[in-house]
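K.L.:
The listed protein sequences derive, respectively, from chains A and B.
Numbering follows this note's numbering, with no gaps: position 279 of the first sequence is 443.
Numbering follows this note's numbering, with no gaps: position 122 of the second sequence is 286.
Ideal Cβ positions, reconstructed from N, Cα and C, are used throughout, including at glycine.
There are 2 protein chains.
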Amino acid sequence: MNDSIKIGLIGFGTVGTGVVKLLFEENKPLLRDREIDIDLIKIADLDIISDRGIKIPDGILTTNVDDILDDPQIGIVIELIGGYEPARSLTLRAFEKGKCVVTANKALIAKYGRELFEAANNAGISYLFEASVGGGIPIIRGLNNGLNANTIKSIYGILNGTTNYILSGMTRDGVDYDEVLAMAQKLGYAEADPTSDVSGQDALNKIVILVRLAFGADLNVETVFCEGIENLTVQDIDCAGQLGYTVKLLAIAKRHEGNRIEVRVHPTLVPSESIMAYVEDEFNAVEVDGSAVGRELFYGKGAGMMPTASAVVSDCIDIASRLNAGTRVNFNRHMIEGNGLELIAIEDITMRYYLRFTAKDQPGVLFQISKIFADENISIESVIQLGASDSDYVPLVIMTHDALEGDMRRAMRQFEKLEVVHGRIQLIRVEDI
Amino acid sequence: MNDSIKIGLIGFGTVGTGVVKLLFEENKPLLRDREIDIDLIKIADLDIISDRGIKIPDGILTTNVDDILDDPQIGIVIELIGGYEPARSLTLRAFEKGKCVVTANKALIAKYGRELFEAANNAGISYLFEASVGGGIPIIRGLNNGLNANTIKSIYGILNGTTNYILSGMTRDGVDYDEVLAMAQKLGYAEADPTSDVSGQDALNKIVILVRLAFGADLNVETVFCEGIENLTVQDIDCAGQLGYTVKLLAIAKRHEGNRIEVRVHPTLVPSESIMAYVEDEFNAVEVDGSAVGRELFYGKGAGMMPTASAVVSDCIDIASRLNAGTRVNFNRHMIEGNGLELIAIEDITMRYYLRFTAKDQPGVLFQISKIFADENISIESVIQLGASDSDYVPLVIMTHDALEGDMRRAMRQFEKLEVVHGRIQLIRVEDI
Chain A
165 MNDSIKIGLI
175 GFGTVGTGVV
185 KLLFEENKPL
195 LRDREIDIDL
205 IKIADLDIIS
215 DRGIKIPDGI
225 LTTNVDDILD
235 DPQIGIVIEL
245 IGGYEPARSL
255 TLRAFEKGKC
265 VVTANKALIA
275 KYGRELFEAA
285 NNAGISYLFE
295 ASVGGGIPII
305 RGLNNGLNAN
315 TIKSIYGILN
325 GTTNYILSGM
335 TRDGVDYDEV
345 LAMAQKLGYA
355 EADPTSDVSG
365 QDALNKIVIL
375 VRLAFGADLN
385 VETVFCEGIE
395 NLTVQDIDCA
405 GQLGYTVKLL
415 AIAKRHEGNR
425 IEVRVHPTLV
435 PSESIMAYVE
445 DEFNAVEVDG
455 SAVGRELFYG
465 KGAGMMPTAS
475 AVVSDCIDIA
485 SRLNAGTRVN
495 FNRHMIEGNG
505 LELIAIEDIT
515 MRYYLRFTAK
525 DQPGVLFQIS
535 KIFADENISI
545 ESVIQLGASD
555 SDYVPLVIMT
565 HDALEGDMRR
575 AMRQFEKLEV
585 VHGRIQLIRV
595 EDI
Chain B
165 MNDSIKIGLI
175 GFGTVGTGVV
185 KLLFEENKPL
195 LRDREIDIDL
205 IKIADLDIIS
215 DRGIKIPDGI
225 LTTNVDDILD
235 DPQIGIVIEL
245 IGGYEPARSL
255 TLRAFEKGKC
265 VVTANKALIA
275 KYGRELFEAA
285 NNAGISYLFE
295 ASVGGGIPII
305 RGLNNGLNAN
315 TIKSIYGILN
325 GTTNYILSGM
335 TRDGVDYDEV
345 LAMAQKLGYA
355 EADPTSDVSG
365 QDALNKIVIL
375 VRLAFGADLN
385 VETVFCEGIE
395 NLTVQDIDCA
405 GQLGYTVKLL
415 AIAKRHEGNR
425 IEVRVHPTLV
435 PSESIMAYVE
445 DEFNAVEVDG
455 SAVGRELFYG
465 KGAGMMPTAS
475 AVVSDCIDIA
485 SRLNAGTRVN
495 FNRHMIEGNG
505 LELIAIEDIT
515 MRYYLRFTAK
525 DQPGVLFQIS
535 KIFADENISI
545 ESVIQLGASD
555 SDYVPLVIMT
565 HDALEGDMRR
575 AMRQFEKLEV
585 VHGRIQLIRV
595 EDI
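1. Return helix, strand or coil for Leu-487/A, following the three-state DSSP convention.
2. Given a threshold of 16 other Cβ atoms within 10 Å of its Cβ, counted over all protein chains shown, does Ile-245/A qualify as buried or as exposed?
3. Would you decide whether Tyr-518/B is buried or exposed? Buried here means 16 or more other CB atoms lie within 10 Å of its CB.
4. Taking C-beta to C-beta, are Gln-578/A and Leu-560/A nearer than 7 Å?
5. DSSP puts Ile-218/B in a beta bridge; with which residues?
6. Among all the DSSP beta bridges, which residues are the ones paired with Met-576/B?
7. Is the shortest distance between the beta-carbon of Met-165/B and the beta-carbons of chain A less than 7 Å?
8. Under 7 Å between the Cβ atoms of Ala-449/A and Leu-433/A?
9. With a CB to CB cut of under 7 Å and the five nearest residues on each side skipped, what residues in its chain are close to Arg-305/B?
10. Please confirm whether Asp-453/B and Ser-318/B have their CB atoms less than 7 Å apart.
11. Grouping DSSP H, G and I as helix and E and B as strand, with all else coil, what is Ser-168/A?
12. So, does the segment 529-547 of chain B touch the segment 560-574 of chain B, judging by three or more C-beta pairs under 8 Å?
13. Please report the Cβ distance between Lys-206/A and Gly-172/A, rounded to the nearest whole angstrom; I am assuming they are in contact, meaning their Cβ atoms lie under 8 Å.
14. Measure from the alpha carbon of Ser-363/B to the alpha carbon of each residue in Met-334/B, Ala-287/B and Thr-327/B, then state which is nearest.
15. So what does DSSP say about Glu-190/A, is it helix, strand or coil?
16. Would you verify that the beta carbon of Asn-448/A is, or is not, closer than 7 Å to some beta carbon of chain B?
17. Counting only runs of 4+ residues fully inside the segment 421-481 of chain A, write out the alpha helix (DSSP H) ranges in chain order.
18. Which word fits Met-165/A, buried or exposed, when buried means at least 16 other C-beta atoms lie within 10 angstroms of its C-beta?
19. Terminal residues of the continuous beta strand (DSSP E) containing Arg-516/A?
20. Given a threshold of 16 other Cβ atoms within 10 Å of its Cβ, counted over all protein chains shown, does Glu-260/B qualify as buried or as exposed?
21. Using a C-beta to C-beta distance shorter than 8 Å, which residues of chain B count as neighbours of Arg-198/A?
22. Quick one: what's got a C-beta closer than 6 Å to Phe-495/A's C-beta in the same chain, skipping five residues either side?
23. Within 8 Å, do at least three Cβ pairs link the segment 413-425 of chain B to the segment 501-519 of chain B?
24. By the DSSP assignment, the beta strand (DSSP E) with Gly-239/A in it spans what residues?
25. Based on Cα-Cα distance, which residue from Ser-534/A, Asp-234/A, Val-179/A and Ala-484/A lies nearest to Met-469/A?
26. Hey, how far is the Cα of Asn-324/B from the Cα of Leu-368/A?
27. Residues of chain B with CB under 7 Å from Ser-455/A, in chain order?
28. Taking 7 Å as the cut-off, decide whether the C-beta atoms of Val-265/A and Asp-340/A are in contact.
29. Is there a C-beta anywhere in chain B that falls below 7 Å from the one on Arg-216/A?
30. Do Gly-182/B and Val-457/A have their C-beta atoms within less than 7 Å of each other?
31. Determine the extent of the alpha helix (DSSP H) in which Val-362/A is found, giving its start and end residues.
32. Taking just the CA atoms, how far does Tyr-320/B sit from Ile-232/A?
33. Report the neighbours of Ile-460/B on chain A: residues whose CB is nearer than 7 Å to its CB, in chain order.
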């Protein structure tokens with residue numbers, strides 16, 4: 165048996181507490197069975213007072229991260245503070261000290277992946293981040309190892325549990341966005357400030373990480389199209405349902421001819437009989453289409469204390485067995501520099517659209533709308549007036565055939581000028597997966 | 165860059181051809197991107213004449229496996245001949261020669277896992293078998309690495325593509341077993357002799373492998389309850405559908421209190437809204453319930469040339485990078501000897517049942533049947549007479565509450581003696597997943 169590998173944890177929040185539970189309580193017999201000897205010896209957090217409902221041995225807690233970074237015993241640092249700074253600096257300092265690092269920090273990897281992977285290689289240590297995407301779903305390993313004999317053609321993901329919980333509630337119970345969000349916050353499925361979730365930013369960070377691993381693309385996260393769920397209404401979810409679609413916040417990445425890729429995150433109409441429509445509440449799913457394996461789906465809890473902690477601990481076990489064998493993770497150039505893939509501008513992407521107008525109930529309205537579509541080369545698939553309205557306005561839903569986003573944006577600017585159209589025009593993209 | 169790792173392939177059938185395609189044609193640029201240097205230098209098969217539709221460099225084919233086993237250049241042997249012998253002897257010989265082995269042979273691992281894992285450890289080489297379960301789905305890695313911080317509570321699997329294809333056809337098109345089987349054979353989804361698939365044996369081998377990895381149980385495959393799909397009728401699939409259930413060949417493993425496990429393979433009624441009911445045609449799915457992650461699902465093509473080849477090549481890549489780093493896979497005692505878990509006899513397992521009787525359309529029939537249920541302590545949940553019959557007999561469907569299999573077997577023996585019951589009584593187990 166090898167010496168035990170010593171671990172230091174930075175960040176004792178929800179996931180950190182889950183990690184401590186796994187390492188101190190639940191996993192001792194399991195790890196013994198598997199002949200894995202890891203030992204959490206220090207925990208750093210600004211708050212070392214609050215009761216996390218878990219018994220911690222004396223002398224383990226500290227408010228000073230240097231107690232971990234400067235401890236020569238510690239071989240693995242778990243970084244669970246999130247955000248860019250001080251997470252980035254602490255990670256780089258850990259690398260310099262020759263310590264392996266495990267993180268759940270998707271924002272950091274999405275933005276600084278290249279720098280951090282390169283620094284990890286140079287330091288000769290392992291840097292793992294399974295928990296950064298899909299919580300407890302082993303999708304990072306799936307792409308890096310299980311599917312490494314495949315050229316990946318596309319990835320579709322429901323990557324954010326908060327928004328999926330909200331959309332599921334709106335769909336199932338017909339309850340409005342604000343009300344479900346408040347409920348999600350009460351139940352701990354949404355943060356007090358839910359911006360990074362509901363804006364799509366969290367899902368965006370995750371798809372950028374998956375794209376780096378699967379396609380070898382070094383993307384600037386700020387250049388990727390991202391739209392949140394804040395403007396979705398129960399009315400649109402109902403209309404979509406009547407048309408055979410379910411609304412999901414979908415992250416999409418596709419490889420195109422000529423070394424180009426398409427990446428985007430937005431509310432999406434998916435066919436109600438598709439497996440993505442089945443993914444409800446806090447669950448996540450990633451569907452990968454590989455050249456040899458075809459379509460594969462990984463499904464599970466994408467967030468939460470224990471699922472995320474499970475991924476963090478699996479990374480620790482992986483690194484520990486590498487340390488015992490005297491080896492480490494090495495990032496290849498494909499994962500650091502990328503393969504020079506070019507991101508296609510959102511305006512140049514073709515897709516189908518759902519539009520809902522609140523239109524005056526008078527002759528000629530459809531004529532005015534359809535003229536704009538025709539002028540912009542957008543072909544209408546169907547027009548449905550769903551239910552009558554009490555007022556002078558009726559909801560008019562139009563589904564288009566494939567159209568260029570650039571054309572659609574021009575059309576939208578025209579629609580907004582129409583006098584017969586009232587209020588906001590709802591536009592939701594459609595993906596026939 | 166390290167020296168290239170040389171590979172020898174034994175067995176040039178369907179999957180072997182897929183492996184050759186991946187290694188010789190499709191994957192060259194991919195592997196270069198990933199800085200993996202593996203080289204297939206020999207292929208052994210009894211038939212080296214048939215055209216597999218793929219260009220093979222001269223001098224690679226041989227009918228003599230010794231050309232591979234005795235070649236000191238070769239570091240990895242891929243065994244794709246299937247069955248127990250000569251696969252087992254060849255594998256052990258490869259180990260003795262210090263060669264790592266990759267296999268897709270589920271029968272071999274299920275029956276001789278303990279011996280082979282121990283021999284691999286003793287020889288100090290890596291032995292991988294991702295392709296043996298779930299085709300291209302990386303479920304072996306998922307259990308061994310991704311979920312290794314979890315105590316696994318249960319596994320549900322649709323593990324055989326052939327039977328799932330047949331059941332999907334029967335369900336969707338209302339076509340009888342024999343007819344769908346013939347179609348499946350024509351399309352290559354079923355073998356000329358489909359016994360090992362339709363009898364459940366193939367799924368049984370796979371669940372026994374998963375149970376070894378997940379629970380640490382060294383089971384004798386012959387002691388596990390297994391029932392095939394040969395006796396299922398469209399009538400039962402229809403009845404189940406009307407009751408809100410879909411019929412699947414399900415492999416089930418559950419951990420019980422007191423170091424006991426339940427493992428079984430049989431046609432199963434699963435709720436039609438469950439994700440398992442969604443898994444159609446040649447797709448497979450494995451749902452794992454882990455102590456920390458909760459329910460996770462792995463879904464994809466469970467068989468076929470390229471998905472299975474993808475898994476074989478991913479194992480080769482894994483071993484190659486270990487060889488380059490001077491390390492190897494090591495099986496822990498938990499995976500070799502097991503944890504002393506005891507297999508619960510099928511008679512002692514509790515579950516719900518669907519029964520269909522063809523009963524005389526006369527008073528007192530239900531009385532006779534329900535008396536037997538009562539005598540055996542089996543509680544009836546519902547009785548449905550589905551549709552009228554032209555003859556003197558009507559189909560009578562009974563769903564039970566939880567009952568012991570032993571009690572149900574005794575009841576079945578009584579039912580068979582009833583004069584008012586005609587022909588075969590259909591019994592299908594129910595799992596409310």
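P.N.:
For this structure:
1. Walking along the first sequence from the start, residue 487/A turns up at place 323. Of the three classes helix, strand and coil, the one that applies to Leu-487/A here is helix, per DSSP.
2. As a position in the first sequence, residue 245/A is number 81, starting the count at 1. Buried, since its Cβ has 16 or more Cβ neighbours within 10 Å.
3. The residue labelled residue 518/B in the question sits at position 354 within the second sequence. That one is buried.
4. What you label residue 578/A is simply residue 414 of the first sequence in a count that begins at 1. What you label residue 560/A is simply residue 396 of the first sequence in a count that begins at 1. Not a contact, by the Cβ cut-off of 7 Å.
5. Walking along the second sequence from the start, residue 218/B turns up at place 54. Answer by DSSP bridge pairing: none, since Ile-218/B is not bridged.
6. As a first step, residue 576/B is located in the second sequence; it is residue number 412 there, counting from the start. According to DSSP, which records beta bridges pairwise, Met-576/B is partnered with nothing at all.
7. Position 1 of the second sequence, counted from the first residue, corresponds to residue 165/B. In this predicted model, Met-165/B has a pLDDT of only 49, less than 50, meaning its place in the structure is not dependable; the value taken from the coordinates is given anyway. Taking Cβ atoms only, chain A never reaches closer than 7 Å to Met-165/B, which makes this a no.
8. Here residue 449/A refers to the residue found at position 285 of the first sequence. Here residue 433/A refers to the residue found at position 269 of the first sequence. In this structure, Leu-433/A does not lie closer than 7 Å to Ala-449/A by Cβ.
9. Reading the second sequence from its first residue, position 141 is the one you call residue 305/B. Cβ neighbours of Arg-305/B beyond the five flanking positions: Glu-294.
10. Taking the second sequence and counting its residues from 1, one reaches residue 453/B at position 289. Taking the second sequence and counting its residues from 1, one reaches residue 318/B at position 154. Cβ atoms of Asp-453/B and Ser-318/B: closer than 7 Å.
11. Looking up residue 168/A in the first sequence gives position 4. Correct three-state label for Ser-168/A: coil.
12. yes
13. Here the question's residue 206/A lines up with position 42 in the first sequence. Here the question's residue 172/A lines up with position 8 in the first sequence. About 4 Å; that satisfies the 8 Å criterion.
14. Looking up residue 363/B in the second sequence gives position 199. Comparing Cα-Cα distances from Ser-363/B to each of Met-334/B, Ala-287/B and Thr-327/B, the minimum goes to Thr-327/B.
15. Residue numbering aside, residue 190/A sits at position 26 when the first sequence is read from its first letter. DSSP places Glu-190/A in helix when its eight states are reduced to three.
16. Indexing the first sequence from 1 puts residue 448/A at position 284. Cβ-Cβ to chain B under 7 Å: no for Asn-448/A.
17. 439-442
18. Indexing the first sequence from 1 puts residue 165/A at position 1. Low per-residue confidence applies at Met-165/A: pLDDT is 49, beneath 50, and the placement is therefore not dependable enough to give any value.
19. Numbered from its first residue, the first sequence carries residue 516/A at position 352. Per DSSP, Arg-516/A belongs to the beta strand (DSSP E) from 514-524.
20. By 1-based counting over the second sequence, the position of residue 260/B is 96. Burial call: exposed.
21. Position 34 of the first sequence, counting from 1, holds the residue named residue 198/A. What Arg-198/A touches in chain B: Asn-312, Asn-496 and His-498.
22. As a first step, residue 495/A must be located in the first sequence, where it is residue number 331. Around Phe-495/A: Phe-281 and Asn-285.
23. yes
24. What you label residue 239/A is simply residue 75 of the first sequence in a count that begins at 1. Counting along the chain, the beta strand (DSSP E) containing Gly-239/A begins and ends at 238-243.
25. In the first sequence, counting from the first residue as 1, residue 469/A sits at position 305. Checked all of Ser-534/A, Asp-234/A, Val-179/A and Ala-484/A; the closest Cα to Met-469/A is Val-179/A.
26. Position 160 of the second sequence holds residue 324/B. Position 204 of the first sequence holds residue 368/A. Straight-line Cα distance between these residues: approximately 36 Å.
27. Residue numbering aside, residue 455/A sits at position 291 when the first sequence is read from its first letter. In chain order: Glu-190.
28. As a working note, residue 265/A is residue 101 in the first sequence. As a working note, residue 340/A is residue 176 in the first sequence. No, these two residues do not count as a Cβ contact at 7 Å.
29. As a first step, residue 216/A must be located in the first sequence, where it is residue number 52. No, because no Cβ of chain B sits closer than 7 Å to the Cβ of Arg-216/A.
30. By one-based count along the second sequence, residue 182/B stands at place 18. By one-based count along the first sequence, residue 457/A stands at place 293. 7 Å or more divides the Cβ of Gly-182/B from the Cβ of Val-457/A.
31. Taking the first residue of the first sequence as position 1, residue 362/A is located at position 198. First-last of the alpha helix (DSSP H) with Val-362/A: 359-362.
32. The sequence position of residue 232/A within the first sequence is 68, counting from 1. The sequence position of residue 320/B within the second sequence is 156, counting from 1. Each residue's alpha carbon lies about 42 Å from the other.
33. Walking along the second sequence from the start, residue 460/B turns up at place 296. Note that residue 460/B is Glu in the sequence shown, not Ile. Gly-300, Ile-301, Tyr-463 and Gly-464, listed in chain order.
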